[in-house]
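Undergrad:
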Amino acid sequence: MTNDDIPQPQGTLALQTIAMPENANWNGDIFGGWLVSQMDLAGAVTARARAKGRVATVAIDSMAFLRPVPVGAVVSCYTRMQDIGRSSMQILVEVWIVEDEGGLAKVTEGHFTFVAIDENGRTRSVPRD
């Protein structure tokens, strides 16, 4: 197997943190809801940068949890802009962890839709630069 055959994160690293015990369920794995919140934050970082201002999450589609995340894992959220509409942005968010032996493992991904909003919370256009 060559390095080209080993799956790698797609997109840009937008957020990295450590999974802590307070985010675990009764089995000692991290709650899926905590992962979704980290993914939403990572997507918002990417959306805000592209929109040059305030954004809001309007939809989360196609969540797929692939494996549990243990307490203590370094959790990395990668984002990739998939589409930009007049006011909306569709962003793929992948979550990867570093396994104990040092390899990367994809644990989940989801498609998030954000809209650019103004200071009054109304939809605005995404800049076209």
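The UniProt record's numbering applies: residue 1 is where the sequence shown begins, and numbers increase by one. Note that beta-carbon positions come from the ideal geometry of N, C-alpha and C, so glycine has one too.
Can you look up LEU15 in the DSSP assignment and give me helix, strand or coil?
TA: Here LEU15 sits in strand by DSSP.
Undergrad: Does the Cβ of ASN25 have 16 or more other Cβ atoms within 10 Å, making it buried, or fewer, making it exposed?
TA: So ASN25 counts as exposed.
Undergrad: Exposed or buried, which one is GLN82 when buried takes at least 16 other CB atoms within 10 Å?
TA: GLN82 is exposed by the Cβ-count criterion.
Undergrad: Where are the alpha helix (DSSP H) runs, 4 residues long or more, that stay fully inside the region 10-97, in chain order?
TA: Segments of the alpha helix (DSSP H) lying fully in the region 10-97: 32-51.
Undergrad: In the DSSP assignment, find the beta strand (DSSP E) that holds GLU109 and state where it starts and stops.
TA: It spans 104-116 - the beta strand (DSSP E) in which GLU109 sits, taken as one unbroken run.
Undergrad: Quick one: using the 10 Å Cβ neighbour count with 16 as the cut-off for buried, is MET20 buried or exposed?
TA: With fewer than 16 other Cβ atoms within 10 Å, it is exposed.
Undergrad: Hey, VAL126 and ILE84 are a contact pair by Cβ (cut 8 Å); roughly how many whole angstroms apart?
TA: Right, the Cβ-Cβ distance comes to about 6 Å (below 8 Å), so this counts as a contact.
Undergrad: Pairs of beta-carbons, one from the region 110-124 and one from the region 45-60, closer than 8 Å: are there three or more?
TA: Touching, yes.
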